[in-house]
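Residue numbers (the numbering used here): 522 to 1183.
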């Protein structure tokens, strides 16, 4: 299958399309700004409340007649442009495939070594998020604004979070499994050169023994780092680029004064770190809220969060620890495990958390509601710093391919660190109401993640979708789930290869990500909860129809509270969502016939921990029979706090080959 790298088959149609859109754009932009000026967000309302002179109201009075006059003047040109633009959509391709040619720009990514199916398996990490990148006037109805700036910041936060080292903390203490922020504020992972062993020095407020393994340099433009790993990389394919820290808690929290001992890239220490003053900082401010102390969303906050580590660049010399704590490059999230997997829910077989960061070494990303084309370009540019392959501008326009006229695309975007082999898009033909104006559908992708010594390709299938949003349209959503399964089955059959020219492929995983617009606890969504999709695909957060696991939380935030100080930063939102009372105040809860989810006072009697409408599903059917797929981690992510009204979710799958390490 040919991957489309441009929206039109030839340059003439591309130029004609650009010309027609150039005629439409002034009218579109003026209408967008005019409507946006009358739809303030709660953040803007609070700012204007402090304006005794009503300056903003005066600006609206002055600019509205100007916008109206220019809008009327641009209408004839927009009409001509529309008459050219609309028929061109019949020749438009359903997506654009972008591959990063200059890999030096991907300064945050780590070099991927090809998986040879050796060792005992490999893990793959998937992320999904609804980012609400609508035209600014429409985004304001969800209480978010400044779409262009948000797109850039969303991309920056995602790639910064994903490109940090993956650090795993194993706590051997049977009594104390909690780690305070102060305990890890001095843990340092230096960015050494390609030829140097890297160490971890840490000050833990109790006797500790720490082991560091792996190369976490984070540089993807050095071939030397790949060669240094050599054969050792084969045995650690499941934990590529991972720093493992083991902590043995003793002496009731007293701190040892022993000196660090570094041997062959492993550090055993309980003393404080002594980094150099060569520390880079990058301060960013999101378009929706001012950067505050403790905001870890961009990995540059000035204080360590409860589950964070600090990564700085270390040169020669020493510096006082307080200097380092005030100049942080970024923080890496901590995955905490006890030696006996001691968790609140002991019957769970995998780790789960509410994290302030996107998972380290994120392999695949599925986004929804990337409707604005200019915002999509800005987002793509940021994501290309980490993801080499991106599929965007997915969907159809005008009357091409669907029953009703489509003004915007599907809003789907897919990013991958692994090459895309095939892609296909289908539009749901049964959209209703305002949803029928967008070409909502499903994007199907086939990626190559490795090859066997026998030259058999190792592939995976990923589906990204966004279902009907209007409440009460349960029949429409069930029909769309039926079509999703049929289209996916058809895609797998059409892209499978077992001929002599194309060696037989081994399927490692099959994952579905997206905003399904129904939850597993609302009484109004019973039809979707019992759909056959959930008999074939597993939901890690679900026990059965109508019942989620106790640790699962909702992914739909209450728009009215997006800019409250308690939740406007990733760290703050993480802390709020960890408490039941906090979730009741800032999440939208499942609806029932007797209760309204919009009334916070009634949330106490409602079922579940919020409306979880963003899903990550996986299946064990249709995969290579000798391999086993199981969930290793599941995360609810707060890193996009203040930028969208959804919580991103992430899932790490372990593909076990059943072979012993060499």
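Built from N, CA and C at the ideal position, the CB exists for glycine as well.
Owing to the predicted nature of the structure, the values given are computational and were not obtained by experimental measurement.
- For the pair residue 1010 and residue 1111, the CB atoms are not nearer than the 8 Å cut-off.
- The region 893-900 and the region 939-949 do not touch, with fewer than 3 CB-CB distances between them shorter than 8 Å.
- The C-alpha of residue 1146 is placed about 42 Å away from the C-alpha of residue 673.
- Minimum Cα-Cα distance from residue 986 among the listed residues 1001, 976 and 894 corresponds to 1001.
- In this structure, residue 879 and residue 983 do not form a Cβ contact; the two beta carbons are roughly 17 Å apart against a cut-off of 8 Å.
- A Cβ-Cβ distance of about 7 Å is found for the pair residue 912 and residue 964, placing them in contact under the 8 Å criterion.
- Nearest to residue 664 by alpha-carbon distance, out of 558, 934, 564 and 1050, is 564.
- Each residue's CA atom was taken as its position, placing residue 648 and residue 1035 some 10 Å apart.
- A residue is called buried when at least 16 other Cβ atoms come within 10 angstroms of its Cβ; residue 974 does not meet this threshold and is exposed.
- Within a 10 Å sphere around the beta-carbon of residue 961 sit 16 or more other beta-carbons, which makes this residue buried.
- Each residue's CA atom was taken as its position, placing residue 1175 and residue 871 some 11 Å apart.
- Proximity of the region 641-660 to the region 528-540 falls short of the contact definition, fewer than three beta-carbon pairs being nearer than 8 Å.
- Of the candidates 1092, 1029, 1133 and 1041, the residue whose Cα lies closest to the Cα of residue 1078 is 1133.
- Membership of residue 590 in the alpha helix (DSSP H) is indicated by the continuous run 576-609.
- Where residue 1095 is concerned, the enclosing alpha helix (DSSP H) starts and stops at 1091-1098.
- Residue 1173 carries a strand assignment under DSSP once its states are collapsed to helix, strand and coil.
- Take the alpha-carbon of residue 1106 and the one of residue 906: they are about 36 Å apart.
- Residue state for residue 645 is assigned as strand, using DSSP reduced to three classes.
- When the five nearest sequence neighbours on each side are left out, the beta carbons in the same chain lying within less than 6 Å of the beta carbon of residue 656 are those of 553 and 893, in order along the chain.
- Going by beta carbons, residue 904 and residue 680 fall inside the 8 Å limit.
- Counting along the chain, no alpha helix (DSSP H) covers residue 1042, and no H or E run does either.
- Per DSSP, reduced to three states, the secondary structure at residue 958 is helical.
- If only complete runs of 3 or more residues are kept, the region 930-975 shows the beta strand (DSSP E) at 934-937, 941-948 and 962-972, in order along the chain.
- Annotation note: the region 983-1063 contains the following uninterrupted alpha helix (DSSP H) runs of length 4 or greater, listed N- to C-terminal: 995-1016, 1047-1050 and 1054-1057.
- Fewer than three pairs of CB atoms, one per stretch, sit closer than 8 Å, so the region 989-1003 makes no contact with the region 600-608.
- In this structure, residue 1148 lies away from residue 1073, with their beta-carbon atoms at least 8 Å apart.
- Annotated as proximal: residue 616 and residue 915, with beta-carbon spacing under 8 Å.
- Assigned with DSSP and collapsed to three states, residue 636 falls in strand.
- About 5 Å separates the beta carbons of residue 1158 and residue 876, which is inside the 8 Å limit, making them a contact pair.
- Of the candidates 675, 978, 919 and 582, 978 places its Cα closest to the Cα of residue 1027.
- Within a 10 Å sphere around the beta-carbon of residue 890 sit 16 or more other beta-carbons, which makes this residue buried.
- When the five nearest sequence neighbours on each side are left out, the beta carbons in the same chain lying within less than 6 Å of the beta carbon of residue 1155 are those of 873, 1061 and 1172, in order along the chain.
- Take residue 929, set aside five residues on each side of it, and the residues of its chain with a beta-carbon closer than 6 Å to its own are 892 and 959, in chain order.
- Residue 528 and residue 1047 have their C-alpha atoms some 40 Å from each other.
- Taking a 10 Å sphere around the C-beta of residue 600, we find fewer than 16 other C-beta atoms and assign the residue as exposed.
- Boundaries of the beta strand (DSSP E) around residue 618: 617-620.
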